[in-house]
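Protein chains in written order, with our numbering: chain A, 1 to 848; chain B, 1 to 284.
Don't be surprised by glycine CBs; every beta carbon is placed ideally from N, CA and C.
The structure displayed is predicted, hence computed values, not measured ones.
Everything on this sheet refers to the single structure shown next.
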Amino acid sequence: MYHRGRSGRNGLVTYVPNNQYVIPVNPSIQSAVNYAVAGHTIHVAPGTYSQNFNVTLKVNIIGSGSGSDPASNTVLTQTAAGAGDSKIGVVQLNASGSIGDPVLIKDIRIQPVGMAGISVGKFTQSTGVNVSHVSLDNVHVYGTYQPSACSEQERGLYVDLTSLLSNLTITNSAFNGLVYGWYLQKAVSADASTVTNVSVSNTEFKDNTSKGLYAEKLNNATFDGCTVTNNGDAAWGNTCVFFKPFLAGFDINLKSGSYQNISIRNSVFTGNGTGEAKEGAALVIKARNDAPAYASFPASLANVLVENCIISGNERGIRLGEPDKSNAGPTNVVIRNNAINANLKTYSGTDGTAYGNIINLTAATTTATCNWYGSNVAANVALGIFGPVVYVPFLEDGNDGNVSIGFQPTAVCGVTPPVCLFRVVCFQQGLTHGGAPVPNNRSILSSAEVAQKSDTPPINFYSLGFGGYITLRSNCPVKNGQGNDIKVWETTYGANPINAFSERARVYASQDGIHFLLLGIATYDGSFDLNTAGLAWASYFRIQDITTDKPTNPALADGYDVDGIEVLNGYADNTTPTPIMQGGASSVCGGMQGKTKNFSTISPIRSQPSKATGLPQNNNTFNFYSLGFGGDICLKFDFAVFDGPGGELKVIETTFGNSTCNSYKERAEIAVSFDNVSWNVLGVYCQDFAGSIDITPANSGIQYVRVRDVSLRSDFSSNAADGYDVDAVVAMSSFSSTPPCPSVTNGRIATSQPELFDQNNVPDEIDGLQIIGNPVSDQLKIRFTQVAEQSNISIYNYLGQQVLNEDHSGNLWELKELTLPVSQLAPGAYLLTVKSRGSKETIPFVKL
Amino acid sequence: MKTTLFSLLILLILTRETTAQTTLYVPGSYPSIQAAVNASTHPLDVVEVAAGTYAGAINISKSLSIHGSNLGIAGNGIRLAESVLSNAKITISGANTVTIDGIKIFQSDNTNDAVLLGGSSIVTIQNCLVERFGISPGIIARAITTSSGSGAKTLQKNLFTGDLSGGLFGSHKTWNSGIYLNAAASTVQIKNNVFKNCRTAINIDDFNAGIDVTGNEFDNNGTHMAFGGVVPTSGQFVLPANSFKSPGDAIINLSNVNINFRLDITSSTLNGLSFASYPLTNLF
Numbered sequence: 001m002y003h004r005g006r007s008g009r010n011g012l013v014t015y016v017p018n019n020q021y022v023i024p025v026n027p028s029i030q031s032a033v034n035y036a037v038a039g040h041t042i043h044v045a046p047g048t049y050s051q052n053f054n055v056t057l058k059v060n061i062i063g064s065g066s067g068s069d070p071a072s073n074t075v076l077t078q079t080a081a082g083a084g085d086s087k088i089g090v091v092q093l094n095a096s097g098s099i100g101d102p103v104l105i106k107d108i109r110i111q112p113v114g115m116a117g118i119s120v121g122k123f124t125q126s127t128g129v130n131v132s133h134v135s136l137d138n139v140h141v142y143g144t145y146q147p148s149a150c151s152e153q154e155r156g157l158y159v160d161l162t163s164l165l166s167n168l169t170i171t172n173s174a175f176n177g178l179v180y181g182w183y184l185q186k187a188v189s190a191d192a193s194t195v196t197n198v199s200v201s202n203t204e205f206k207d208n209t210s211k212g213l214y215a216e217k218l219n220n221a222t223f224d225g226c227t228v229t230n231n232g233d234a235a236w237g238n239t240c241v242f243f244k245p246f247l248a249g250f251d252i253n254l255k256s257g258s259y260q261n262i263s264i265r266n267s268v269f270t271g272n273g274t275g276e277a278k279e280g281a282a283l284v285i286k287a288r289n290d291a292p293a294y295a296s297f298p299a300s301l302a303n304v305l306v307e308n309c310i311i312s313g314n315e316r317g318i319r320l321g322e323p324d325k326s327n328a329g330p331t332n333v334v335i336r337n338n339a340i341n342a343n344l345k346t347y348s349g350t351d352g353t354a355y356g357n358i359i360n361l362t363a364a365t366t367t368a369t370c371n372w373y374g375s376n377v378a379a380n381v382a383l384g385i386f387g388p389v390v391y392v393p394f395l396e397d398g399n400d401g402n403v404s405i406g407f408q409p410t411a412v413c414g415v416t417p418p419v420c421l422f423r424v425v426c427f428q429q430g431l432t433h434g435g436a437p438v439p440n441n442r443s444i445l446s447s448a449e450v451a452q453k454s455d456t457p458p459i460n461f462y463s464l465g466f467g468g469y470i471t472l473r474s475n476c477p478v479k480n481g482q483g484n485d486i487k488v489w490e491t492t493y494g495a496n497p498i499n500a501f502s503e504r505a506r507v508y509a510s511q512d513g514i515h516f517l518l519l520g521i522a523t524y525d526g527s528f529d530l531n532t533a534g535l536a537w538a539s540y541f542r543i544q545d546i547t548t549d550k551p552t553n554p555a556l557a558d559g560y561d562v563d564g565i566e567v568l569n570g571y572a573d574n575t576t577p578t579p580i581m582q583g584g585a586s587s588v589c590g591g592m593q594g595k596t597k598n599f600s601t602i603s604p605i606r607s608q609p610s611k612a613t614g615l616p617q618n619n620n621t622f623n624f625y626s627l628g629f630g631g632d633i634c635l636k637f638d639f640a641v642f643d644g645p646g647g648e649l650k651v652i653e654t655t656f657g658n659s660t661c662n663s664y665k666e667r668a669e670i671a672v673s674f675d676n677v678s679w680n681v682l683g684v685y686c687q688d689f690a691g692s693i694d695i696t697p698a699n700s701g702i703q704y705v706r707v708r709d710v711s712l713r714s715d716f717s718s719n720a721a722d723g724y725d726v727d728a729v730v731a732m733s734s735f736s737s738t739p740p741c742p743s744v745t746n747g748r749i750a751t752s753q754p755e756l757f758d759q760n761n762v763p764d765e766i767d768g769l770q771i772i773g774n775p776v777s778d779q780l781k782i783r784f785t786q787v788a789e790q791s792n793i794s795i796y797n798y799l800g801q802q803v804l805n806e807d808h809s810g811n812l813w814e815l816k817e818l819t820l821p822v823s824q825l826a827p828g829a830y831l832l833t834v835k836s837r838g839s840k841e842t843i844p845f846v847k848l
Numbered sequence: 001m002k003t004t005l006f007s008l009l010i011l012l013i014l015t016r017e018t019t020a021q022t023t024l025y026v027p028g029s030y031p032s033i034q035a036a037v038n039a040s041t042h043p044l045d046v047v048e049v050a051a052g053t054y055a056g057a058i059n060i061s062k063s064l065s066i067h068g069s070n071l072g073i074a075g076n077g078i079r080l081a082e083s084v085l086s087n088a089k090i091t092i093s094g095a096n097t098v099t100i101d102g103i104k105i106f107q108s109d110n111t112n113d114a115v116l117l118g119g120s121s122i123v124t125i126q127n128c129l130v131e132r133f134g135i136s137p138g139i140i141a142r143a144i145t146t147s148s149g150s151g152a153k154t155l156q157k158n159l160f161t162g163d164l165s166g167g168l169f170g171s172h173k174t175w176n177s178g179i180y181l182n183a184a185a186s187t188v189q190i191k192n193n194v195f196k197n198c199r200t201a202i203n204i205d206d207f208n209a210g211i212d213v214t215g216n217e218f219d220n221n222g223t224h225m226a227f228g229g230v231v232p233t234s235g236q237f238v239l240p241a242n243s244f245k246s247p248g249d250a251i252i253n254l255s256n257v258n259i260n261f262r263l264d265i266t267s268s269t270l271n272g273l274s275f276a277s278y279p280l281t282n283l284f
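Here it is in structure tokens:
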């Protein structure tokens, strides 16, 4: 502190020209004002000042902060008793500034007790003070948070009956815990006083026991980024029966005059007028012209804008007009781009007027389109609207693009969102158990386009037939969201048990309708996550029946019945394609290289399996993988290859020169698999085979191709001969944009019954139980599909003694791969048994 | 007629001889300053005090000058061996003109006013080193005190300083006040002094337009300047340019001023900079 005073004395030091410095031990802001000349700045040190002061000339009064701690803030406290006049404010405005040079009050906290914080004139009097160009910056006015006993004592900003306040700018301020945050009073008379040209931003009106703002005169006013919460709510227990019915956030109740242009933007109104307020509301705007009280000096208001606000959780949302008075205005009211919802009645009485989000009690029609009303169903929206209000179109969601600034809708207003639906783009129906076409009423393609999610007749599904498939395309890209993204609904009348013969289908997804990735197997209904296939979105879904046709099935049994697909996580906005290696196999999934004719190791340059992936080079460079005599390689596609017209696969071999098979007999056996476990051999092809290989309907949906050299050493003279040279394996369908769809008409082409899961002649109890590699040495790798959340795995020796017993858990129908330690087992034959929910399967294996 | 003229000439000669200005040397001609003062007969007499330490009170009720070994050398300048007046309370009274220049006034006892200037006296104290190392803490010891009256006072180029070991407040061992203008002094010039390590550098009661405080340097005093009086001071004043350095407590203490008292110190500096360059937290 560089100057000191003594309590009870005064005096000021000027350090900087035109600046005064007031300290709390020498407490006289008023004396600084009195000493100052227009334009001076009065700096008020941190501390508590129990005084009021009258701003009688244009000065800047700058405190040290608006917080509650006087050690670092300037806190003005005063009581009506201390001030000697309860009709004035702690700060009395009696001077005007000018354009660009207003009376400035900044960084001050005002705590009135039983009086106004800032006043123009005197409470309930007609002083006719005329003040203009006033700026409040970071001025926080806090009352005592006491409900009024009808005395209206604490008012943050008060303007009396005939006083005029114009060009008022308020920023970063607060009017909290008072009876009224603002109270702008107007006489019903010929008096033309008003409060005009008002700009309020980033300012709070909170916890005021009656109203955040009450204005009987207000013109050309903008409130931007304000917070209006818990004014006149039940927590304050307002006991004044006169005030109680009309508690509100903002109550603009204009009297005697022509007013215009009131805008409220980017603000939040919550928790206002709740409890026992008969007519409580967040925002009330009225221009009183109702007889008899206001007919002689009526008020009108034109041009009201409420936009980008959140108005929710109040007794009512916005009410226009006085209840039961049929006011003519306000007129030209536009309410747009707000979230106005969940404004629900809490008043226990039944005598309140209409409730809802917008209540227009005036004769003028209000435009309130493009707001979010808490529902995208018109009938529900209408429930919250009362009176002449145009509210359609309304926002169909309440997503807020910027939660820190009112409500910034992300939904597009007035544009009907696309109707997202599935359409069949490809199908091939299988046959019934009896070998006949599926009946017509179970073959209506459109029945698979919408999921009724019901097993109730009439028939509203599409039966795939055994081995058949259907591809559905969504016109909106399905989003990969949290958890499962789609649910495939199957229609099964009754609760059929889940067993090896359950109706099931493989479900694939694709972005382009060409490259399909396996999502999993649906047994009856099934839910799938696009993440399984690494897809950010997908538009095509292929459902392929893999139901095992039980021998005892009735003749009409027809496989998986597609009810439809339900989208669980909505639709994607960004449809950037997920990279897929076009055409060629993407990775090596196994195999073993053979030897040269004389059983030597093949040179390294010809021994890199990855050379067989991707697209072919189609030239005679060392960009291939030599299988060696008897060797093989497993290649995997990133997508599923479906059977279609003609061939689907092309295997490219590298032969230096153009030798024919007659002179150069490098040959390979081509096999395919959808799971890298069960393989079907398609045939043997020589190196000069230039055609495409048909995977056949039985193998539709494969992702794995195995190329195995079957060349004969005796056909080659050179000892360095090393068998078939794989340049690439490509899926032919990838080279065209046409989905591998044989027909879009229901041709009912029969497909052979797949038996891909059957490893033995015993009907499957445990879906797809496999032993990978048999005999085994140290580890027993098994694979099966969970038919229940819990499975038990045990191993028995040939004497029937259990040598291993383990429990495993997992998701229903999850494909499980387990490695069991068996190194401790003595060489010999063993039985592997998997049990799950009453199902059981046992298969043998040999321990080496 | 000739006789008459001769007699007048003799009278004039005799008169000049009896009022001639004299330099009185201490301790060369007089054992003490007070003895020299007592012997002085001419208002222009000079008591010249050699370097050394001199005790005992000094009461001056006639016009004269006292010159010490540092005549003409500012109190904070590079000084010679001092002529030290130790615990020698100096009292100047009557409507006399007195100049004290180039001495060191040292105090360790509990005397309230080391130099007490009567209201009608016309006094210049300059180029003095005024120092206190009190043996007792918290003593209201003032280096120079003025009384109300019309006699002009000029206090310039002195250094007021003291012992810091007791701090700058209740237990201080330095000057409680460097200069204390007690009651309504009419014409006082306090110019180009240095106040360092005083409890309060200057206490001014009844500040008025006749008090000129100019060109002084205030450094590390508890309070640089305090204003007030038995009757709270009123009025609006502009303090001429002075140089303030950071105080122990306050630059300006408005202890006893009226509600109307205003002091404009915008011409001064704080640590060499204008006050405008400081944040509010420094200025409150």
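For the alpha helix (DSSP H) that residue i lies in, which residues bound it at each end?
i	result
ILE33 (chain B)	33 to 39
ASN230 (chain A)	Note, ASN230 (chain A): premise wrong, no alpha helix (DSSP H); not H, not E.
ALA382 (chain A)	378 to 383
Residue i lies in the beta strand (DSSP E); which residues open and close that run?
i	result
ALA282 (chain A)	281 to 287
GLY117 (chain A)	116 to 120
LEU635 (chain A)	632 to 641
GLY212 (chain A)	211 to 215
Residues of chain B with CB closer than 7 Å to the CB of residue i, please, in chain order.
i	result
VAL16 (chain A)	THR266, PHE275 and ALA276
GLY114 (chain A)	Under the 7 Å cutoff, chain B gives no residues; its nearest Cβ is about 27 Å from GLY114 (chain A).
Determine, using beta carbons only, whether residue i comes closer than 8 Å to chain A.
i	result
VAL257 (chain B)	yes
ASN253 (chain B)	yes
ASP205 (chain B)	no
ALA81 (chain B)	no
THR15 (chain B)	Caution is warranted here: a pLDDT of 42 is assigned to THR15 (chain B), below 50, making its placement in the model unreliable, and the coordinate value is therefore given only provisionally. It does not: the Cβ of THR15 (chain B) has no partner Cβ on chain A nearer than 8 Å.
ASP163 (chain B)	no
ALA241 (chain B)	no
ASP101 (chain B)	no
Since residue i meets chain B, which of its residues come closer than 8 Å, beta carbon to beta carbon?
i	result
ALA45 (chain A)	LEU280 and PHE284
SER256 (chain A)	What SER256 (chain A) touches in chain B: nothing, since even the nearest Cβ is about 43 Å away.
Give me the chain A residues within the contact set of residue i, using Cβ-Cβ distance strictly less than 7 Å, ordered along the chain.
i	result
ASP113 (chain B)	Ordered by position in chain A, no residue passes the 7 Å Cβ test against ASP113 (chain B), which lies about 24 Å from the chain.
For a cutoff of 8 Å on Cβ pairs, would you count residue i as touching chain B?
i	result
VAL59 (chain A)	no
SER50 (chain A)	no
Interface residues of chain B around residue i at Cβ under 9 Å?
i	result
ILE23 (chain A)	PHE284
GLY5 (chain A)	ASN253, LEU254, SER255 and VAL257
Residues of chain A with a CB under 9 Å from the CB of residue i: which are they?
i	result
ASP219 (chain B)	Under the 9 Å cutoff, chain A gives no residues; its nearest Cβ is about 14 Å from ASP219 (chain B).
ASP109 (chain B)	What ASP109 (chain B) touches in chain A: nothing, since even the nearest Cβ is about 30 Å away.
I want to verify the contact list: residues of chain A whose CB lies under 8 Å from the CB of residue i, in sequence order.
i	result
ALA209 (chain B)	Per Cβ cutoff of 8 Å: no residues; ALA209 (chain B) is ~17 Å from chain A at best.
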